[in-house]
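Structure first, then comments.
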């Protein structure tokens, strides 16, 4: 009798030999990092194009939600800002805290109030403020306090040649250019609907720095000219304007 063991078919119920590597790896064995090369292989320029696209998307997101450049269109904010300067506007400046403050340089949408464009001006009065031009020395008074604006006014300019006496409604801003002799601002619209006051909701953001040209690049320093102005009292009855348009 032949007692030699006969070869038998391996029991299919048994688990596969862990040492057996002849099988094909499953989908879980594929490297997920291979997705990027597969994607870039389909793009003209490959990884360089992908990097540029990601940078562009990042810049668009920043421009939409965080900050954007604004080109100075006129000389109304001289001496500090010149025609052609590009300033960086912080669109989140008033999102998580207080609204615009006196002395802030803001960019706002003038549609329906100034014109169908964005404007840049300095906030002189906020809601509830009583703004008057002028005191015995020709200075603007806010809530009974005279303000020394010489630190930013265009050399040779007076604070205003237009007389006015207004109370700023809540939720509005009284704005003036720093070059008072060459600025179309709240003074020009005292008798128009809205009384020359800009709604806070129209503010795009606060101008933070000059970014172009490089020779003038730098932070816009805040002013303390209005630091001692007391808080205004909200009034439902705005004082009647006494001035006309700015010439």
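Residue numbers (my numbering): 536 to 782. Beta carbons are placed, not taken as given, at the ideal position from N, Cα and C, and that holds for glycine.
Closest by C-alpha distance to residue i, when choosing among the options
{"i": "residue 667", "options": "711, 747, 652 and 686", "result": "711"}
{"i": "residue 634", "options": "750, 759, 708 and 751", "result": "708"}
{"i": "residue 655", "options": "682, 750, 676 and 743", "result": "743"}
{"i": "residue 705", "options": "641, 768 and 720", "result": "768"}
{"i": "residue 728", "options": "640, 647, 614 and 623", "result": "647"}
{"i": "residue 755", "options": "631, 731, 616 and 698", "result": "616"}
{"i": "residue 760", "options": "675, 613 and 608", "result": "675"}
{"i": "residue 726", "options": "683, 734 and 699", "result": "699"}
{"i": "residue 865", "options": "613, 665, 612 and 640", "result": "What the structure shows of the chain is the stretch from 536 to 782, and residue 865 is not part of that stretch, so it cannot be assessed."}
{"i": "residue 762", "options": "669, 752 and 681", "result": "681"}
{"i": "residue 724", "options": "613, 612 and 649", "result": "649"}
{"i": "residue 697", "options": "689, 685 and 669", "result": "669"}
Cut-off 8 Å between Cβ atoms - residues of its own chain near residue i, not counting five sequence neighbours on either side
{"i": "residue 766", "result": "663 and 678"}
{"i": "residue 607", "result": "616, 617, 618, 619, 620, 621, 622 and 655"}
{"i": "residue 600", "result": "Any reading at residue 600 needs caution, since the residue's pLDDT is 41, under 50, leaving its predicted position unreliable; the model's value is listed next. For residue 600, where only same-chain residues beyond five positions count, the Cβ hits under 8 Å are 626 and 627."}
{"i": "residue 614", "result": "687, 688, 689, 690, 713 and 714"}
{"i": "residue 685", "result": "none"}
{"i": "residue 560", "result": "Any reading at residue 560 is ruled out, since the residue's pLDDT is 47, under 50, leaving its predicted position unreliable."}
{"i": "residue 752", "result": "744, 745 and 746"}
Close-in-space but distant-in-sequence residues of the same chain around residue i (CB under 6 Å, 5 per side omitted)
{"i": "residue 628", "result": "740 and 741"}
{"i": "residue 610", "result": "618, 714 and 717"}
{"i": "residue 735", "result": "634 and 706"}
Residue i (DSSP reduced to helix, strand or coil)
{"i": "residue 637", "result": "coil"}
{"i": "residue 698", "result": "coil"}
{"i": "residue 680", "result": "strand"}
{"i": "residue 617", "result": "coil"}
{"i": "residue 594", "result": "Because the pLDDT at residue 594 is just 43, under 50, the model does not fix this residue reliably, and the value given afterwards should be weighed accordingly. Helix, per DSSP."}
Integer Cβ distance of residue i from residue j, believed to fall under 8 Å
{"i": "residue 637", "j": "residue 764", "result": "6 Å"}
{"i": "residue 661", "j": "residue 703", "result": "6 Å"}
{"i": "residue 731", "j": "residue 719", "result": "Actually they do not touch by this definition, with Cβ atoms about 10 Å apart."}
{"i": "residue 694", "j": "residue 673", "result": "6 Å"}
{"i": "residue 624", "j": "residue 603", "result": "6 Å"}
{"i": "residue 605", "j": "residue 653", "result": "7 Å"}
Own chain, CB closer than 7 Å to residue i, minus 5 neighbours either side, in chain order
{"i": "residue 592", "result": "Residue placement at residue 592 is flagged as unreliable, the pLDDT there being 45, under the threshold of 50; the coordinate-derived value follows with that caveat. Excluding residues within five positions, none has a Cβ falling inside 7 Å."}
{"i": "residue 692", "result": "714, 715 and 716"}
For this session: Could you pull out every unbroken beta strand (DSSP E) segment of at least 3 residues lying fully inside the stretch 717-762, listed in chain order?
Result: 732-734 and 738-747
Exercise. Of all the beta strand (DSSP E) runs that stay within the bounds of the stretch 640-676, which reach a length of 3 or more residues?
Worked result: 640-644, 653-660 and 665-668
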